[in-house]
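A.B. asks: Its first residue numbered 30, the sequence shown is counted upward by one per residue in our numbering.
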Amino acid sequence: MLKYLVMSAALAALPVLAQEPVELRSGQTAAGVSESLRREAHAARDRAAAWLLARQAPEGHWSNADFPALTALPVWALVRSGYANDPAVARAVDYILSCVNENGAICREPSVQRRGGGLCNYNTALAMVALHAVGREDLIPVIQRARQVIAGTQHFGDDIYYGGMGYDAATDRAYADLSNSYLAFEAMRLTESVEDLRRQGDGRVDLDWAAARRFIERVQNRPESNDQPWATDDPAEYGGFAYKPDSSMAGSVTNADGRVHLRSYGSMTYAGLLSFIYADVDKQDPRVQSAFDWSLRHFTLDENPGMDQQGLYYYFHTLAKALSVMGQDVLVLDRAGPINWREALIKKLLSIQRFEADGTGYWKNDEGRWWEADPVLVTAYSLLALNLALGD
30 MLKYLVMSAA LAALPVLAQE PVELRSGQTA AGVSESLRRE AHAARDRAAA
80 WLLARQAPEG HWSNADFPAL TALPVWALVR SGYANDPAVA RAVDYILSCV
130 NENGAICREP SVQRRGGGLC NYNTALAMVA LHAVGREDLI PVIQRARQVI
180 AGTQHFGDDI YYGGMGYDAA TDRAYADLSN SYLAFEAMRL TESVEDLRRQ
230 GDGRVDLDWA AARRFIERVQ NRPESNDQPW ATDDPAEYGG FAYKPDSSMA
280 GSVTNADGRV HLRSYGSMTY AGLLSFIYAD VDKQDPRVQS AFDWSLRHFT
330 LDENPGMDQQ GLYYYFHTLA KALSVMGQDV LVLDRAGPIN WREALIKKLL
380 SIQRFEADGT GYWKNDEGRW WEADPVLVTA YSLLALNLAL GD
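1) Out of D75, W105 and L341, state which residue places its alpha-carbon closest to the alpha-carbon of G295.
2) Using alpha carbons as the reference points, say which of M336, A175 and L207 lies closest to M217.
3) Using the Cα positions of D231 and I368, report the straight-line distance between them to the nearest angstrom.
4) Quick one: which unbroken alpha helix (DSSP H) runs of 4-plus residues sit fully inside the segment 274-298? Chain order, please.
5) Touch check for the segment 363-377 and the segment 329-346: three-plus C-beta pairs under 8 Å?
6) Using the Cα positions of R84 and L226, report the straight-line distance between them to the nearest angstrom.
7) Output yes or no for whether 8 Å exceeds the beta carbon distance between Y124 and T153.
8) Report all residues from its chain with a CB closer than 8 Å to the CB of E224; omit the five preceding and five following residues, and keep chain order.
9) Could you please give the first and the last residue of the uninterrupted beta strand (DSSP E) stretch that includes I368?
10) Give every residue of the same chain whose Cβ lies closer than 7 Å to the Cβ of S110, excluding the five residues on either side of it in the sequence, and list them in chain order.
11) Alpha carbons only, please: which of D309, S222 and V104 is nearest the one belonging to V405?
12) In this structure, what does DSSP give as the bridge partners for F270?
13) Tell me which residue opens and which closes the alpha helix (DSSP H) that V178 is part of.
14) Quick check on DSSP: helix, strand or coil for G390?
15) Give the DSSP-derived three-state secondary structure of I135 in the structure shown.
16) When you compare the CB positions of L303 and L360, do they come within less than 8 Å of one another, or not?
17) Among all the DSSP beta bridges, which residues are the ones paired with L360?
18) Could you give the distance in angstroms between the alpha-carbon of D387 and the alpha-carbon of F305?
19) Please confirm whether M336 and A279 have their CB atoms less than 8 Å apart.
20) May I ask you to list the residues that DSSP assigns as paired with R383?
21) When you compare each of G186, W238, A86 and M297 to E266 by their alpha carbons, which one comes out closest?
22) According to DSSP, is S63 part of a helix, a strand, or is it coil?
23) By the 10 Å Cβ neighbour count, where 16 or more other Cβ atoms means buried, how is F328 classified, buried or exposed?
24) Mind checking who M194 pairs with in its DSSP beta bridge?
25) Can you name, in chain order, every residue of its own chain whose Cβ lies under 7 Å from the Cβ of S140, other than the five neighbours on each side?
26) Is there contact here, the segment 203-212 with the segment 164-171, by at least three beta-carbon pairs under 8 Å?
27) Roughly how many angstroms separate the alpha carbons of Y112 and A106, rounded to a whole number?
28) Return the Cβ separation of W259 and S293 in integer angstroms, given the expectation that the two are a contact with Cβ distance under 8 Å.
29) Identify which residue in L378, G133, K312 and R383 has its Cα closest to the Cα of M355.
30) Bridge partners for N333 per DSSP, in chain order?
31) Within the continuous alpha helix (DSSP H) that includes Q318, where are the two ends?
32) Please report the distance separating the alpha-carbon of S127 from that of I135.
33) Note down, in chain order, each residue of its chain lying with its Cβ closer than 6 Å to the Cβ of I169, except the 5 sequence neighbours on either side.
34) Taking the alpha-carbon positions, what's the P50 to R398 distance?
35) Of all the options T220, G195 and V407, which has the alpha carbon lying nearest to the alpha carbon of W392?
36) According to DSSP, simplified to helix, strand and coil, what is V108?
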């Protein structure tokens, strides 16, 4: 079977950020996670996988059938957790394939209309990553066509959204946000090996990464590289990321001079850091380092910094991806000293896993914004974060 490039391999291929050697405590593995905690995490992972497997619809999807991304995330999480050969994964792949459009997009016309249309970019990006993780050769053409769709949604209008991606280019409005852009950037990087398998004479498909970098810069609170007037060097915001080049989900602040600045927040800062890496920006670059420094100044696992409990599990799994890429297991925090983020995240996830009477386990956010009241979505996020923290 063709060996696919999945997320762990892609992360491992990136150069590691230079760091001081850290002496591991007795009983820790090379990844800095104690063997006893690793066993607990594996048990929690199996409980969650069993919970997901029991909740798949007969048609093969999870949660809302209108959005294949809500099935792609559990597929990705199950494959990463060692369940690639479970029949549920094959059923889910069949469902995802039933969502493939004539143009190669992987999305459905939603039963309830929304401003973002069918969220085609979001659904296609996550679906193509999940199919790639499954590793079946017959899925290669589907992924190749999905890459063409994603590349075609990059925005090139003469406006502040230049280089980014939105929910659905078919809505024909000038719009791009960092969350959709980061997911698209990630999908293109994690599936790029299929470009080597195109038929002779077919051109390679990719994004305009220079344009992508321009968009990412315009979402970062860093006046040296962001030409938008809201960017600030205030230490509370500097280096972090907003949601779009003209708004932040965390709101804004007005300084003593009456200037309005968009606030940075946790999940988008990790998404922005990852986006720069995917866009071929070196990890030692000041743009990346300033984002990493913001994350250190605001590091917590009790909330999504700047958003309280909103988007908490999206934050956990994006944090795990970003810190894995940065290659630094032990973070030196000014206010709390050194902390092994892998152990800290695993312990956090173990402490908030919920249990069914049958012994299976799941996660759920009581703050339901961004679909996080859906335990399937949140459990998939948590499994991805758990596997990354384990280094599995």
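Using N, Cα and C, we set each Cβ at its ideal position, and we do this for glycine too.
C.D. replies: This is what the structure holds:
1) The shortest Cα separation from G295 among D75, W105 and L341 belongs to L341.
2) Comparing Cα positions, the closest option is A175.
3) Rounded to whole angstroms, D231 and I368 show a C-alpha spacing of 49 Å.
4) Residue ranges of uninterrupted alpha helix (DSSP H) with 4 or more members are absent from the segment 274-298; none lies entirely inside it.
5) As far as the Cβ criterion goes, the segment 363-377 touches the segment 329-346, which means the pair count is three or higher.
6) The alpha-carbon atoms of R84 and L226 are separated by roughly 35 Å.
7) No, the pair does not count as a contact, with Cβ atoms beyond the cut-off.
8) Counting only Cβ-Cβ distances below 8 Å, and skipping sequence neighbours, we find Q173, R176, R233, V234 and D235.
9) First-last of the beta strand (DSSP E) with I368: G366 to N369.
10) So the list reads R74, A78, L412 and N416, once near-sequence residues are dropped.
11) The option with the nearest alpha carbon to V405 is V104.
12) DSSP, once it has assigned bridges, lists Q249 and Y294 as partnering F270.
13) In the DSSP assignment, V178 falls within the unbroken alpha helix (DSSP H) covering I169 to G181.
14) G390: strand per DSSP, three-state reduction.
15) Here DSSP, grouped into helix, strand and coil, assigns I135 to strand.
16) Pairing L303 with L360 gives a Cβ-Cβ distance that is not under 8 Å.
17) Listed as beta-bridge partners of L360 by DSSP are I368.
18) Cα to Cα, D387 sits roughly 43 Å from F305.
19) Yes, these two residues count as a Cβ contact at 8 Å.
20) In the DSSP assignment, the residues bridged to R383 are Y391.
21) When the alpha-carbon of E266 is set against those of G186, W238, A86 and M297, the nearest one is in M297.
22) Correct three-state label for S63: strand.
23) Answer is buried; the Cβ neighbour count reaches 16.
24) Per DSSP, D206.
25) Taken in chain order, the residues that qualify are D95.
26) Too few Cβ pairs lie closer than 8 Å, so no.
27) About 9 Å.
28) In this structure W259 is not in contact with S293, their Cβ atoms being roughly 11 Å apart against a cut-off of 8 Å.
29) Here the closest residue by C-alpha is K312.
30) Beta-bridge partners assigned by DSSP to N333: D337.
31) From DSSP, the alpha helix (DSSP H) with Q318 extends over P315 to R326.
32) Near 9 Å, if we compare the C-alpha coordinates of I135 and S127.
33) For I169, where only same-chain residues beyond five positions count, the Cβ hits under 6 Å are V223 and L226.
34) Residue placement at P50 is poorly supported in this model, since its pLDDT is 29, which falls under 50; the coordinates are not used for a value here.
35) Ranking T220, G195 and V407 by Cα distance to W392 puts V407 first.
36) Helix.
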